[in-house]
Every structure is written in structure tokens, then in C-alpha cells.
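J.: Numbering (my numbering), first residue to last: 176 to 371.
Glycine included, every Cβ here is placed at the ideal spot set by N, Cα and C.
Next comes the structure, spelled out in C-alpha cells:
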């Protein structure tokens, strides 16, 4: 049985963690990005499908390519972030199931219907995007997940010729606390939970 994390770890992952909008002038190196993915890949997905595909946008050229897809409200913080992660999902994920789920040779066929394929890719890719946020925090990075961009433009710029679709963006780096907004409230247990 696993032991519960201590309060400092829970604070870092959840209670004290914030969505960042401003960034310290400090790069995130490739070794950290590799360590990040090496954590994310272990999060559970349906049939180990692992449909998420990530683009770590770190270069000025990459940011210029992303810029036309950004909403005005997300432009400055995204261009200033050391890394912007495009969290996408591959509708062709089932092609990798013979490797990822080898004990069920017919697993690829479970997702043949387009509606099942799309729902599975989107749901599990979203889960993997959430794992990315928590893994980043675990590694000492700050995160700023967001919508507020044109998915079709991102897909054309970064995923043309594939069946990968963008879902959301996550700015990563070392946050500048001066850019934080006051913390918004959350729903109480009684408002969000039913025990059946």
C-alpha cells in the first residue's frame, strides 16, 4: 500500500499551486522536458492507449508559428513563457495498441467506430494533459493551462497531414508571483459530491 504524500508535497501539487500568467526569465532545459514526459507516460489511460501527443514549443520560430492561433488575452503570457505545450490527441492511437496493450491482440478493433475512437482519444488525451500539469508541478515547474486559441489554426500549423487534434495549451516555466490573480473560490464538498 502506498503512503500518503506529506503536506508539503500536497501543497506543491494542489493547495498552493496556482495558474501562472507571468514568467521569470529562466529557461526550461530539454532534460527537464524529458523528465516531465517520463512521468506523464505512467499515468493510466483506457487500454493503455496513451493517445496524447505533446508539442513543446520553446523556440522563437515555434512561438511565431503558434502566435496567429492565440487569442488576444493569451498572447503576451504565451509568448513570454519558456515553454508552451500543445496538448493534442491522436485519433490513430489504436494503431499502437499491439505494442502498448500486447496481451489483448484484438484491442485495436475495440476503437474502430469513429465515435468511440474520437471519445477515447479526447478523454484519455485530456487525462494525460492533466497528468502533465501535475508532473510539471512535481518537478518544480509552474503551469498555466488555457483554452483561448484557434484549434484549427494550431492543427494546421503543427499537425497538418496527421490525425492529431489539439485540445488545450499549457504554458510552463518558473512563474513570477507578481502576475498571479487573487485565488478564486472552489466548490465545497456538499456542492460537488454525492455519495451513492
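#1: Just to confirm, is the Cβ distance from residue 243 to residue 328 under 8 Å?
#2: Using 8 Å as the threshold, is the C-beta distance between residue 300 and residue 227 below it?
#3: Along the chain, where does the alpha helix (DSSP H) containing residue 333 start, and where does it finish?
#4: Using the C-alpha atoms, what's the distance from residue 371 back to residue 206?
#5: Identify the continuous beta strand (DSSP E) that holds residue 320 and give its terminal residues.
#6: Hey, out of 257, 209, 245, 262, whose CA is closest to residue 234's CA?
#7: Go through its chain and collect everything with a Cβ distance to residue 354's Cβ below 6 Å, but skip five positions before and after it.
#8: Within the same chain, show all residues whose beta-carbon is closer than 8 Å to that of residue 251, passing over the 5 residues directly before and after it, in chain order.
#9: Do you know whose CA, among 223, 336, 255, 269, lies nearest residue 318's CA?
#10: Tell me the DSSP secondary structure of residue 310 in three-state form.
#11: If we call anything under 8 Å between Cβ atoms a contact, is residue 314 one with residue 210?
#12: Among the residues of its own chain, which have a CB less than 7 Å from the CB of residue 310, if the five just before and after it don't count?
#13: Residue 220 and residue 302 look like a contact to me (Cβ under 8 Å); what is the Cβ gap, rounded to whole Å?
#14: Any chance the segment 355-365 sits against the segment 279-294, with 3 or more Cβ pairs inside 8 Å?
#15: By DSSP, does residue 342 sit in helix, in strand, or in coil?
#16: Please report the straight-line C-alpha distance between residue 237 and residue 265, rounded to a whole angstrom.
#17: If you count every other CB in all the chains shown that lies within 10 Å of the CB of residue 312, and 16 or more means buried, which is it?
#18: Quick check: what's the CA-CA separation for residue 181 versus residue 332?
#19: I'd like to check one pair, residue 345 with residue 262: are the Cβ atoms closer than 8 Å?
#20: For the beta strand (DSSP E) holding residue 203, just list the boundary residues, first then last.
#21: Would you list the residues sitting across from residue 259 in a DSSP beta bridge?
T.: Quick look at the numbers:
#1: Working through the chain shown from its first residue, we reach residue 243 at position 68. Working through the chain shown from its first residue, we reach residue 328 at position 153. The Cβ atoms of residue 243 and residue 328 sit closer than 8 Å to each other.
#2: Here residue 300 corresponds to residue number 125 of the chain shown, with the count starting at 1. Here residue 227 corresponds to residue number 52 of the chain shown, with the count starting at 1. Against a cut-off of 8 Å, the Cβ pair of residue 227 and residue 300 comes out as a contact.
#3: For the purposes of this step, residue 333 is identified with residue 158 of the chain shown, where counting begins at 1. Residue 333: member of the alpha helix (DSSP H) spanning 326-333, first to last residue.
#4: On the chain shown, residue 206 is found 31 positions in, with the first residue counted as 1. On the chain shown, residue 371 is found 196 positions in, with the first residue counted as 1. So the two alpha carbons sit approximately 45 Å from each other.
#5: Counting from 1 along the chain shown, the entry for residue 320 is found at position 145. 317-321 is the span of the beta strand (DSSP E), which, as asked, contains residue 320.
#6: Reading the chain shown from its first residue, position 59 is the one you call residue 234. Residue 257 is the option with its Cα nearest to residue 234.
#7: To locate residue 354, count along the chain shown from 1; it is residue 179. Scanning its chain for C-beta atoms nearer than 6 Å, with the 5 sequence neighbours on each side dropped, one finds around residue 354 the residues 196, 197, in chain order.
#8: Counted from its first residue, the chain shown places residue 251 at position 76. Same-chain partners within the cutoff: there are none.
#9: Counting from 1 along the chain shown, the entry for residue 318 is found at position 143. With distances taken between Cα atoms, residue 318 lies closest to 255.
#10: Within the chain shown, numbered from 1, the residue matching residue 310 stands at position 135. Reduced to three states, the DSSP call for residue 310 is helix.
#11: Within the chain shown, numbered from 1, the residue matching residue 314 stands at position 139. Within the chain shown, numbered from 1, the residue matching residue 210 stands at position 35. Result yes, Cβ atoms of residue 314 and residue 210 sit closer than 8 Å.
#12: In the chain shown, the residue the question calls residue 310 occupies position 135. Only 211, 214, 215 meet the Cβ criterion.
#13: Here residue 220 corresponds to residue number 45 of the chain shown, with the count starting at 1. Here residue 302 corresponds to residue number 127 of the chain shown, with the count starting at 1. The Cβ separation is near 6 Å, so the contact holds.
#14: These segments do not touch.
#15: Here residue 342 is taken as the residue at index 167 of the chain shown, counted from 1. Of the three classes helix, strand and coil, the one that applies to residue 342 here is strand, per DSSP.
#16: Position 62 of the chain shown, counted from the start, is the residue given in the question as residue 237. Position 90 of the chain shown, counted from the start, is the residue given in the question as residue 265. Computed Cα separation, rounded: 20 Å.
#17: Walking along the chain shown from the start, residue 312 turns up at place 137. Residue 312 is buried by the Cβ-count criterion.
#18: The sequence position of residue 181 within the chain shown is 6, counting from 1. The sequence position of residue 332 within the chain shown is 157, counting from 1. Each residue's alpha carbon lies about 43 Å from the other.
#19: Counting from one through the chain shown, the residue named residue 262 turns up at place 87. Counting from one through the chain shown, the residue named residue 345 turns up at place 170. Yes, they are a contact pair.
#20: The count along the chain shown starts at 1 and reaches residue 203 at position 28. Careful: residue 203 lies outside any beta strand (DSSP E) and carries neither H nor E.
#21: Indexing the chain shown from 1 puts residue 259 at position 84. Answer is 232, 346, bridged to residue 259.
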